[in-house]
Amino acid sequence: MLVVWLLAVALAGSLVTLFMPRQSAKGAAGIIGAIVIGIYVALLMHPGQGVNVRWIPAWGIRFHLGSDGLSLFLLGLTVVMTEVAILASKAEWGRMYYFWILFLEFGSLGLFSALDLFLFYIFWEVVLIPIFFLLTSWSGSKGKRAAMKWLIMNLFGSLFMLIGIVAVAVIHTQPGGPLTFEISQLVNIHMDARVTPWIFAAFFLAFAIKAPLWPFHGWMPDAYGEAPAPVTGLLAGVMSKAGIYGFLRIMLPLFFPEFVQYQTGLLILAVIGLLYGAFMALRQTDMKMVTAYASLSHLGMIALGIFSLTRVGILGATFQMVAHGLMVGGLFIILGLLEQRTGSRDIAAMQGLNASAPRMAAYFLFFALATLGLPGLPGFVGEYLIIQGLVAHEVVFAVIAVIVLVMAAWYMLRVFQGVMQGPDKGQKILDLRAGQVWWIVPLAGLVLLLGVWPNGITAHAVPSLYHAVHLLAAKGGGV
Amino acid sequence: MSSFHLMLPEYLVVGFVLLALLGNMLVGNRLRLASWLGLIGLLSSFVASASIWSKSLQPQVMVSGGIVVDNYSLLVNLFVLLAGIGAILLGWGERRWGQEFPVLTMISVLGMMILGMAGNTIVLFLGIEVLSLPLYILAASEHTAAGGEAGLKYLLLGAFSSGILLFGLALLYGALGSLSFIHFASLTNTTSPLLWAGLTLTLAGIFFKLGIVPFHMWVPDVYEGSPSAVTQLMAFGTKVGAAAILLRFLDFGFYLTPQWWGPALGYLAVLTMIVGNLLALPQTDLKRLLGYSGIGHAGFLLVGVATHNLDGARAMLFYLLPYGFAVLGAFAVLILVAGNQDTVTISDLKGLASRRPLMAAFFIIVMLSFAGIPLTGGFVGKFYLLQAALFANQPGLAIGLVVGTLLGLGAYLRPVQALFSVGDESRAVPAWTLSGAVVLIVAVIGTIGLGVYPTPVVHLVNLSANFFWLH
Chain A
0 MLVVWLLAVA
10 LAGSLVTLFM
20 PRQSAKGAAG
30 IIGAIVIGIY
40 VALLMHPGQG
50 VNVRWIPAWG
60 IRFHLGSDGL
70 SLFLLGLTVV
80 MTEVAILASK
90 AEWGRMYYFW
100 ILFLEFGSLG
110 LFSALDLFLF
120 YIFWEVVLIP
130 IFFLLTSWSG
140 SKGKRAAMKW
150 LIMNLFGSLF
160 MLIGIVAVAV
170 IHTQPGGPLT
180 FEISQLVNIH
190 MDARVTPWIF
200 AAFFLAFAIK
210 APLWPFHGWM
220 PDAYGEAPAP
230 VTGLLAGVMS
240 KAGIYGFLRI
250 MLPLFFPEFV
260 QYQTGLLILA
270 VIGLLYGAFM
280 ALRQTDMKMV
290 TAYASLSHLG
300 MIALGIFSLT
310 RVGILGATFQ
320 MVAHGLMVGG
330 LFIILGLLEQ
340 RTGSRDIAAM
350 QGLNASAPRM
360 AAYFLFFALA
370 TLGLPGLPGF
380 VGEYLIIQGL
390 VAHEVVFAVI
400 AVIVLVMAAW
410 YMLRVFQGVM
420 QGPDKGQKIL
430 DLRAGQVWWI
440 VPLAGLVLLL
450 GVWPNGITAH
460 AVPSLYHAVH
470 LLAAKGGGV
Chain B
0 MSSFHLMLPE
10 YLVVGFVLLA
20 LLGNMLVGNR
30 LRLASWLGLI
40 GLLSSFVASA
50 SIWSKSLQPQ
60 VMVSGGIVVD
70 NYSLLVNLFV
80 LLAGIGAILL
90 GWGERRWGQE
100 FPVLTMISVL
110 GMMILGMAGN
120 TIVLFLGIEV
130 LSLPLYILAA
140 SEHTAAGGEA
150 GLKYLLLGAF
160 SSGILLFGLA
170 LLYGALGSLS
180 FIHFASLTNT
190 TSPLLWAGLT
200 LTLAGIFFKL
210 GIVPFHMWVP
220 DVYEGSPSAV
230 TQLMAFGTKV
240 GAAAILLRFL
250 DFGFYLTPQW
260 WGPALGYLAV
270 LTMIVGNLLA
280 LPQTDLKRLL
290 GYSGIGHAGF
300 LLVGVATHNL
310 DGARAMLFYL
320 LPYGFAVLGA
330 FAVLILVAGN
340 QDTVTISDLK
350 GLASRRPLMA
360 AFFIIVMLSF
370 AGIPLTGGFV
380 GKFYLLQAAL
390 FANQPGLAIG
400 LVVGTLLGLG
410 AYLRPVQALF
420 SVGDESRAVP
430 AWTLSGAVVL
440 IVAVIGTIGL
450 GVYPTPVVHL
460 VNLSANFFWL
470 H
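Chains as they are written, first to last, in numbering that gives the first Met the number 0: chain A, 0 to 478; chain B, 0 to 470.
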């Protein structure tokens, strides 16, 4: 039942903030976020507590929530990043802003814990709405366009996935099976070879757009660029994982033979995304866009891990999802604080800021190093596992991935050097205040912890993945 | 149960129509007597329908097959009475229209109820006419050029379509030698050209009322020119009536020969969903936008009929309710925002989010329901239709439904985004009215309720559309 409490508190909390006085909305949201974290810690101690009750019996739909090694840490990522985003936001953005942030938390938690496809789909679309309104009302001049693009592109994929979901359930009934949307039952489905590619494509499109993977990232530059920094942090840190999670939770068990069949094509797609993101990151002049394209490149890397279809590669992807969420989320938030102080995002316009803001420079460097995969920090662990998986499958892709790692160091350090180092031009900015340090330190500490103790996640994730991968082996895939 | 009991909902409406007419003669428009009588009459009829429904009776055939009272007709009663109550409440504040508005609304609702229980072609035509005649008058009740245009257009095109319908029904009688739907099924082993022509013309007449694409031209103009309360009745009530009779006519009379009409309906459904939503995209006048959106939603309804399975019939019947709630909510906001204006454009909504946050929030909820976003009833309705289409093994219909939904998104999201723009500060802040607030709150509760826990309504609909020969 703890999972339900997690969702219920987030939802109830979002409604409570709506009725708070304008000034205290941020405080209330922060407290609610902290309560949710508390419940999550309780869930960590007593995992495996789910709920499974009838919801719409006529259609075989159940209200089935649960957490396992795959989703448990994504839930953690969600609660942590939401709290950080709340604390990094401005109080004057008002109660509607905090309502949407908490509602987004509710949707994301549901998304990561739903085990019924119908329920999964509900949350899958519910998370689109808060982002739409956050982009509409609290972003730059082109926010409305970005919001439209975000919603329409994502729904384009999602609605075709809805056909796929219903089709899977309908096909499951054909040999006399019951109408059900339970993921664990649908994996036994036998599909006609003529329809399978279409259903595969429907699911793939939705997940690839949400992540986003190249070439489905059309909405990403606008949304990432326009959104306020904490929202970008949530988009890149949490929302992007929803698409990847979909691959792991739904597509791998359902379509393993198709994955094997299309593997080379998928790997090429992911590699192109990896390279494209890295090259785009190199030539951006806007520091937020560098990070945005870096994130696109990293998602290509995670996708490579999954498409390697080896146990170690998938494990690396699972780990990297959580690690990347924390690192890139933290980076976006630091950049947001920097933007607030300098009023600009142009790398060329800034120089030598570490003279006046040494603390900010230190945290910036920390998150940048983590993102580019410095050993000892979690980015390295995830990338190592992914590359190991690639070597086991096809060494060419591993070589390209390693080359991109070098590029990652290049584009990240280019931003850091450009902004923080170099001769001091006399531009004075305010350093991090104590009120900001006390929530950045735990975030950085969490990143550090993952870097030195990755086993904390991998040990839990392995049993779930083991289950998934064994299931794959039973369906004819060699792992 | 005697036939008097079974027909009690209809008798109640007729009785209150007479009472309201008498009252108008005796006391004039004092104390809003006619409106109160209309409200009480429709509410009591609603309660009566619900209580007869809960007795779970077997279908009762009366007047030599002309009238069928069953759970299906009672559910249709509930839907159209909801639309009628909504119309009377939304028109409450309008002194301009005088006392005939509630009376005509009640008569029109009676026509819709008759359509729900029609069992032969005579009652079908009777229902269509009783529904339409009061609406012709109501459409013109705004004494402006646009109002006159709406009324005249509706009257001329409506009369034309009634003629086509009547001709079609006559040809059907000529071909089959019977008036009753039930008998049609056993007689359809002939394939005379007369039968084909009759079926085509009859369907064209019904499609006109429903607003299916080649017969949709009147919809936006009439919606735009009519008073909002009346437009709401057309958008919700007329659609329920026309959809109900379409389903009854085809699934009673022609259930053995779906190959005659199924494919045609499928193509028309896809065409309607795409054209309706596409044309809604560039609209700036909200009533026109809702008009085109209504066309698109008629296409969604047609999907349920075209699948020709039990799921489809149920999905169509279910879809009417979230659609109706969304229509009620949207028109309530429209009326509240309009104040004394004739039209509401998208730019009139600007700044509503900061000036009337609650009203804006409710408006967002109904718009999201139109667009079919989860946690609103619109999503559950579309999901049901999608299920029906795929169970019927018609992926084309499913894809059409999705494409139509995607096109519609643009239309519904633009008004929503306008709420957050900086508006014209000199405009008066929209004032809440009691009747508008009641309609809006009911609509929003219904929309969210259907989205979060649709189980009871799914159950209700499944018990109501229980045509045993469909499977």
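Positions of the beta carbon are idealized from the N, C-alpha and C atoms, including for glycine.
Query, Result
"Name the chain B residues whose beta carbon is nearer than 9 angstroms to that of E225 (chain A)?", "Per Cβ cutoff of 9 angstroms: no residues; E225 (chain A) is ~14 angstroms from chain B at best."
"Can you tell me the Cα-Cα spacing of H4 (chain B) and Q231 (chain B), whole angstroms?", "30 angstroms"
"Is there a Cβ of chain B sitting closer than 9 angstroms to that of L253 (chain A), yes or no?", "no"
"So, is V274 (chain B) buried or exposed, given that buried needs 16 or more other C-beta atoms within 10 angstroms?", "buried"
"So, for P422 (chain A): in the same chain, excluding its five sequence neighbours on each side, which residues have a beta-carbon less than 6 angstroms away from its beta-carbon?", "G351"
"Can you tell me the Cα-Cα spacing of L336 (chain A) and W4 (chain A), whole angstroms?", "33 angstroms"
"Scan the region 285-314 of chain B for residues whose Cβ lies nearer than 8 angstroms to a Cβ of chain A and list them as they occur along the chain.", "none"
"Quickly, what does DSSP pair N119 (chain B) with across the bridge? List them, please.", "B:S179"
"Compare the beta carbon distance of G12 (chain A) and I31 (chain A) with 9 angstroms and say whether it is the shorter of the two.", "yes"
"Give, in chain order, every unbroken run of the alpha helix (DSSP H) that is at least 4 residues long and sits entirely within the region 221-308 of chain A.", "228-233, 239-245, 255-282, 286-306"
"Does the Cβ-Cβ distance between L204 (chain A) and F254 (chain A) come in under 9 angstroms?", "no"
"For a cutoff of 9 angstroms on Cβ pairs, would you count F15 (chain B) as touching chain A?", "no"
"Threshold first: 4 residues or longer. Then list the alpha helix (DSSP H) segments lying entirely within the region 36-62 of chain A, N to C.", "none"
"State the beta-bridge partners of I198 (chain A) as determined by DSSP.", "I198 (chain A) pairs with nothing; no bridge assigned."
"Around the C-beta of I51 (chain B), are 16 or more other C-beta atoms found within 10 angstroms, so that it is buried, or is it exposed?", "buried"
"Does the Cβ of D221 (chain A) have 16 or more other Cβ atoms within 10 Å, making it buried, or fewer, making it exposed?", "buried"
"Run through DSSP, which three-state label would Q57 (chain B) get?", "coil"
"Would you say T135 (chain A) faces chain B, with C-beta separation under 9 angstroms as the test?", "yes"
"Roughly how many whole angstroms lie between the Cα atoms of H142 (chain B) and Y135 (chain B)?", "14 angstroms"
"Taking any Cβ of chain B, which residues in the region 110-130 of chain A have a Cβ under 9 angstroms from it, in chain order?", "F117, Y120, I121, F122, W123, E124, V125, L127, I128"
"Can a CB atom of chain A be found closer than 9 angstroms to the CB of H470 (chain B)?", "Confidence at H470 (chain B) is low in this model, with a pLDDT of 43, below 50, so its placement is unreliable and the value that follows should be read with caution. Taking Cβ atoms only, chain A never reaches closer than 9 angstroms to H470 (chain B), which makes this a no."
"What residues in the region 68-88 of chain B bring their beta carbon closer than 9 angstroms to a beta carbon of chain A?", "none"
"When you check each C-beta in the region 49-63 of chain A against every C-beta of chain B, which residues fall closer than 8 angstroms?", "W54, I55, P56, A57, W58"
"Residues of chain B with CB under 7 angstroms from V3 (chain A), in chain order?", "Within chain B, no residue comes near V3 (chain A); the closest Cβ sits about 15 angstroms away, beyond 7 angstroms."
"Determine the contact status of K238 (chain B) and G265 (chain B), defining contact as a CB-CB distance below 9 angstroms.", "no"
"Which partner residues does A369 (chain A) have in the DSSP bridge list?", "DSSP, once it has assigned bridges, lists no residue as partnering A369 (chain A)."
"What's the gap between the Cα of V169 (chain A) and the Cα of I162 (chain A)?", "10 angstroms"
"Verify the CB distance criterion: does N461 (chain B) have a CB-CB separation below 9 angstroms to chain A?", "yes"
"Between L281 (chain A) and W58 (chain A), what straight-line distance do the alpha-carbon atoms span, to the nearest angstrom?", "51 angstroms"
"Residues of the region 91-103 of chain A with a CB closer than 9 angstroms to any CB of chain B: list them in chain order, please.", "M95"
"Per DSSP, what kind of secondary structure is E9 (chain B) in: helix, strand or coil?", "helix"
"Give the residues of chain B in contact with I152 (chain A), contact being defined as C-beta atoms less than 8 angstroms apart.", "As written in the sequence, residue 152 (chain A) is Met, which differs from the Ile given in the question. Result: empty, since nearest Cβ-Cβ is about 10 angstroms, beyond 8 angstroms."
"Are the CB atoms of G236 (chain A) and G324 (chain A) within a distance shorter than 9 angstroms?", "yes"
"At 7 angstroms on the CB atoms, spell out the chain A contacts of G357 (chain B), in chain order.", "Here the sequence assigns Leu to residue 357 (chain B), which means Gly is not the residue at that position. Simply none; closest approach about 10 angstroms."
"Can you name, in chain order, every residue of its own chain whose Cβ lies under 6 angstroms from the Cβ of F18 (chain A), other than the five neighbours on each side?", "none"
"By how many angstroms is the C-alpha of Y261 (chain A) removed from the C-alpha of V365 (chain B)?", "42 angstroms"
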